[in-house]
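Protein chains in written order, with the numbering used here: chain U, 1 to 317; chain G, 1001 to 1245.
Note that the Cβ used here is the ideal one computed from N, Cα and C, for glycine as well.
Working notes, structure below.
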Amino acid sequence: MTRVSSRLQGLDFQQAVVYFGFLAIFLFFAVTLYDDGFLTQRNLTNIVLQTAPATIMAVGLVFALSAGEIDLSFGSIVAVSALSCAVALQSFPMPVGVLVGLGVGVAIGAFNGVLVAYLKLPSFLVTLATMGLFAGIARSMTNLRSVPVMNDTFTGLFGSGKLFTVPSLVIWTCLGVGIGHLIYRHTRFGAHVLATGDNPRAAQVSGIKVARVRLYVLMICGGCAGLAGLLYAGRLQAAKYTLGESDLMTVIAAVIVGGTALNGGKGSVVGALLGSLLMGMLNNGLILMNLKVSDQMIVRGLIILIAVAVSLRDTSR
Amino acid sequence: MSDHDVLSLTNIHKAFGGVVAIEDFSLNLKAGEVVALVGDNGAGKSTLIKIISGVYSPTSGDILLDGQKTDFRDASAARANGVEVVYQDLALADQQPVYMNMFLGRELTKGPLKLLDKARMRQETQELVDELDVRIPSASSTISDLSGGQRQGIAIARATHWASKLVLLDEPTAALGVAETARVEALIEQLKAKDLAILIISHSLDQVFRLSDRICVLRRGKQIGVRDTKSTDKNEIVSMITGVA
């Protein structure tokens, strides 16, 4: 009983807002877009499939933000990873392509991480620079051309495949969120990430290797972006420099709405999943409403603004 | 109070570049003894605490812990040897629950996956705060929801839990009200009763006279003298601190 009540106390407003926002927007679209097929199983599945890469990126970003860092470069990492993987798949078997894609993501994350953790540069500026750097590299890698992915095993595993009728993208989402949540909430590393973002000095004097934590969270971000790149390449059966380009705002918004603090020390992987689904639902609903692309952008921007404002409302107490 | 020296500092000297922060400091501390370190701002008190706790290493001089010469590379090496520090700014992670702070950097795990054993950490924390009579709503409370006195209580309880030899307290009641100060002082008395050696920095001479067995005065990095608390008075200590007779 005491345990239940302390759990309830722990469920604070910021963490809860995503659940209510999710429900509210879901119900709103369910009613207003019923005739347009919002509630059909196919449409709902589609939302989950389309948000899978963003959800994986969001999981990585939860770690970075919780440690008091930020990664702005994950969108560019997605493109470079997907292209590297697609190029590798043209001459090598599937596992090599996967390793190349993930490896490139982790390596870029490590590059960010070393600059942040050991040269003590602010992650905002480092990743702002590497965002541009790797966006440029993604463009020059294949001269702006898209690279087709013909490997059926790969496209099955990371795109259109199914395991016992469950689409592989759904499985990747569950795996990413499940493992992310386990590490974040239930391991010493997760606790050290939170402590580092909360009070770096306290973490340091408590024997936590703060620099290593910063390096690892940016590597996790890079690795997650790499996996998101594979999921894009698998689903679209091609890789292009534009992949991940438009995900920056959506993913950051998803993570913040999901109850992760921008300045560290607090967050939720499950919240990030809900935030990501919320963003996907929003996208989907606005398209079903037949809004012009420009209007979609305006409405989406406004809704994200409201959502972020509401979820950050009482941080300054 | 037992007879052997838990901590013994001999001829400690510390310079940062050309600036001498501590010159020729020597002090012995016994188990169950409280020594107060007093001096004006910039006298070198905090530097000394940092030297003992492994944050800085002395330029020259020896630190003996239980008779063993030590050379801590960093704060965690000192902690591994039973030395705990309660910092002025508490060193608590504000958005985390009490029990995670109690085990910060030393989290308990269970099972082959080494998952956090939150239930056990919560329970041990509860037992500890009950034992020390630190009154908080629960071991799961978030630090930022607690009062200054409660937070200081947690910080001291944490030091008690992990220290096996020596506790260093850097201005433990500087930010507290009268009632909260009294509670923290009671807590310090309990540490003493547990036979830990305690070195405390305080600006309040009243507090120093209430708590300490001996008083060590620093002025501009120089050790002016050590007095038995019972055989000195405030006037003497003040004149030692200020250098004005």
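Taking DSSP as the reference, what is the three-state secondary structure of residue i?
i	result
G:K1192	helix
G:V1035	strand
G:V1134	coil
G:V1055	coil
G:H1004	coil
G:T1070	strand
G:E1084	strand
U:R145	coil
U:P95	helix
U:M1	With a pLDDT of only 41 at U:M1, under 50, the local geometry of the prediction cannot be trusted, and the value read off the model is given with reservation. Three-state DSSP puts U:M1 in coil, outside helix and strand.
G:Q1223	strand
U:H186	helix
U:F164	coil
U:N199	coil
U:A238	strand
G:H1013	strand
U:T40	coil
G:T1160	helix
G:R1214	strand
U:R7	Since pLDDT at U:R7 reaches only 49, below the 50 mark, its modelled position is unreliable, and the value read off the structure follows with that caveat. In the structure shown, U:R7 sits in a helix (DSSP, three-state: H, G or I).
U:K209	coil
G:A1197	strand
U:F112	First, the amino acid is wrong: residue 112 of chain U is Asn here, not Phe. Correct three-state label for U:N112: helix.
G:E1124	helix
Distance cutoff 7 Å, beta carbons only. Does residue i sit that close to anything in chain G?
i	result
U:K292	no
U:I208	yes
U:K120	no
U:G265	yes
U:V205	yes
U:A195	yes
U:I67	Looking at the sequence shown, residue 67 of chain U is not Ile but Ala. Taking Cβ atoms only, chain G never reaches closer than 7 Å to U:A67, which makes this a no.
U:V87	no
U:A202	yes
U:D35	no
U:D295	no
U:N112	no
U:D71	no
U:D198	yes
With the cut-off set at 7 Å, would you say residue i and residue j are in Cβ contact?
i	j	result
U:V257	U:V59	no
U:F74	U:V193	no
G:I1154	G:L1187	no
U:L243	U:A79	yes
G:L1009	G:I1049	no
G:I1241	G:G1039	yes
U:T127	U:L39	no
U:F124	U:S76	no
U:R42	U:A117	no
Is the Cβ of residue i closer than 7 Å to any Cβ of chain U?
i	result
G:L1116	yes
G:A1159	no
G:Q1095	yes
G:S1076	yes
G:L1092	yes
G:L1104	yes
G:S1231	no
How long is the line joining the alpha carbons of residue i and residue j, rounded to whole angstroms?
i	j	result
U:V210	G:M1100	17 Å
G:D1228	U:A67	47 Å
U:A238	U:I56	19 Å
U:N283	U:L49	13 Å
U:R188	U:A202	16 Å
G:I1143	G:F1025	37 Å
G:G955	G:S1141	Any property of residue 955 of chain G remains undetermined from this structure, which presents chain G solely from 1001 to 1245.
G:V1244	U:P200	41 Å
G:D1233	G:S1046	24 Å
U:I179	U:T173	10 Å
U:D36	U:I25	16 Å
G:Q1095	G:L1146	11 Å
G:A1075	G:A1159	13 Å
Which chain A residues sit within Cβ distance under 7 Å of residue i?
i	result
G:E1107	Annotation note: the requested chain A is absent from the structure, which comprises protein chains U and G.
Meets three-Cβ-pair contact criterion under 8 Å: the region 218–225 of chain U and the region 1112–1131 of chain G: no
- prompt: Any chance the region 1151–1164 of chain G sits against the region 1107–1116 of chain G, with 3 or more Cβ pairs inside 8 Å?
  reply: no
task: Could you tell me whether the region 222–239 of chain U touches the region 279–297 of chain U, using the rule of 3 or more Cβ pairs below 8 Å?
output: no
Cβ contact check for the region 133–146 of chain U and the region 233–248 of chain U: 3 or more pairs under 8 Å: yes
task: Please confirm if the region 238–252 of chain U is in contact with the region 75–84 of chain U, defined as three or more CB-CB distances below 8 Å between the two stretches.
output: yes
task: Examine the Cβ distances between the region 1046–1065 of chain G and the region 161–172 of chain U and report whether three or more of them are shorter than 8 Å.
output: no
message: Pairs of beta-carbons, one from the region 1197–1207 of chain G and one from the region 1171–1183 of chain G, closer than 8 Å: are there three or more?
response: yes
query: Do the region 1022–1041 of chain G and the region 1208–1222 of chain G meet, that is, are 3 or more Cβ pairs less than 8 Å apart?
result: yes
field: the region 252–268 of chain U / the region 88–97 of chain U touching (three or more Cβ pairs under 8 Å)
entry: no
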